[in-house]
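One structure below.
In the UniProt record's numbering, the protein residues as written are 1 to 330.
Set out below in structure tokens:
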């Protein structure tokens with residue numbers, strides 16, 4: 001059918017052009033983009049620098065947003081010598097507006113020479129891909145990037161700015177700083193390579209070191225091939241033995257704690273029982289004291305009455321009147 005149409009419309013001007021309603025053939029880049037946009041991906045940036053050097057402003061400018069970090073802060077005190085095996089290092093020079101262009105170029109050369117002399121490996125933009133080899137080669141020559149951070153907006157031309165009494169420094173003006181180069185290299189061109197380097201190199205190196213610390217090595221002490229299954233079984237057996245030992249220790253500790261608690265409860269119960277017996281004896285003692293007091297009172301009253309009766313018989317009448325004696329015990 002297509003051949004028939006071509007023969008019929010031999011004149012290219014008379015041929016009808018049809019627009020595609022979807023993808024044709026293989027569109028892997030678009031599929032990867034759609035998958036990443038729908039599922040999302042992780043891209044971590046660790047910005048290390050001195051206090052008040054402009055780290056937060058640079059991150060806000062890089063992503064064109066304001067990160068709220070008042071409630072969560074993390075302070076890193078890391079030597080750059082130990083970082084190449086952990087992360088991808090991209091050196092930058094902040095507050096580049098404070099240095100002239102000639103001094104800035106000398107500063108870049110000095111920083112790179114010091115990094116090389118101290119054996120610090122920085123991230124080099126990949127040049128093995130033909131699509132980005134040219135731009136990455138030129139950007140590698142611009143390292144370290146001299147950047148400026150600002151959260152203010154310029155009405156004319158757009159972009160960020162930094163206001164000075166003698167003029168305005170534009171963040172996105174490549175003649176003023178390398179912020180655009182940093183953003184392009186970091187986000188647009190090499191983000192996938194940075195993520196792959198982190199996963200394939202740094203994470204695998206970390207994983208290998210951790211396995212070696214656990215005893216999983218390529219060769220045994222006799223330089224013979226390493227059997228992962230035997231090492232795993234031995235490690236598992238040792239781990240189970242340690243677990244059982246800890247479990248037995250915890251069980252014994254629990255039993256001793258229970259015994260101590262039971263002994264303490266028994267002692268407290270004995271003390272309470274003694275105090276209860278003492279409290280029970282007090283009413284009996286009080287009752288005995290009351291009975292003794294009553295008996296003594298009755299005896300005293302009987303004695304007084306008997307004496308009064310005797311005195312009344314012995315004493316004569318006074319003026320024809322009877323003398324009456326009163327007792328407080330009557």
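Cβ atoms here follow ideal geometry from the backbone N, Cα and C, with glycine treated the same way. The structure presented is a predicted model; accordingly, all values stated were derived computationally and were not measured.
Output yes or no for whether 8 Å exceeds the beta carbon distance between residue i and residue j.
i: residue 58; j: residue 94; result: yes
i: residue 122; j: residue 92; result: no
i: residue 200; j: residue 178; result: no
i: residue 144; j: residue 101; result: no
i: residue 127; j: residue 136; result: yes
i: residue 171; j: residue 150; result: yes
i: residue 241; j: residue 231; result: no
i: residue 88; j: residue 197; result: yes
i: residue 132; j: residue 189; result: yes
Give the DSSP-derived three-state secondary structure of residue i in the structure shown.
i: residue 53; result: coil
i: residue 96; result: helix
i: residue 146; result: strand
i: residue 71; result: Any answer about residue 71 is weak, because its pLDDT of 48 lies below 50 and its placement is not dependable; what the coordinates show is given next. Here residue 71 sits in coil by DSSP.
i: residue 132; result: coil
i: residue 105; result: helix
i: residue 170; result: strand
i: residue 124; result: coil
i: residue 84; result: coil
i: residue 18; result: coil
i: residue 178; result: coil
i: residue 34; result: helix
i: residue 214; result: coil
i: residue 268; result: helix
i: residue 43; result: coil
Name the residue from the options whose alpha carbon lies nearest to the alpha carbon of residue i.
i: residue 83; options: 268, 202, 289 and 135; result: 202
i: residue 97; options: 148, 125, 19 and 252; result: 148
i: residue 124; options: 175, 118 and 185; result: 185
i: residue 43; options: 289, 285, 192 and 60; result: 192
i: residue 354; options: 169, 132, 131 and 112; result: Within the shown structure, residues of the chain are numbered from 1 to 330, placing residue 354 beyond reach of any answer.
i: residue 85; options: 246, 131, 204 and 310; result: 204
i: residue 64; options: 130, 303 and 187; result: 187
For residue i, is the classification buried or exposed, using 16 other Cβ atoms within 10 angstroms of its Cβ as the cut-off for buried?
i: residue 194; result: buried
i: residue 116; result: exposed
i: residue 182; result: buried
i: residue 75; result: Here residue 75 scores only 46 on pLDDT, less than 50, and its place in the model should not be relied on; the value that follows carries that caveat. That one is exposed.
i: residue 325; result: Its pLDDT being 47, under 50, residue 325 is placed unreliably in this model, and the value from its coordinates should be taken loosely. Exposed, because fewer than 16 other Cβ atoms sit within 10 Å of the Cβ of residue 325.
i: residue 273; result: exposed
My guess is that residue i and residue j are in contact by the Cβ rule of under 8 Å, so how many angstroms apart are they, rounded?
i: residue 60; j: residue 51; result: No, residue 60 and residue 51 are not in contact; Cβ-Cβ is about 17 Å, not under 8 Å.
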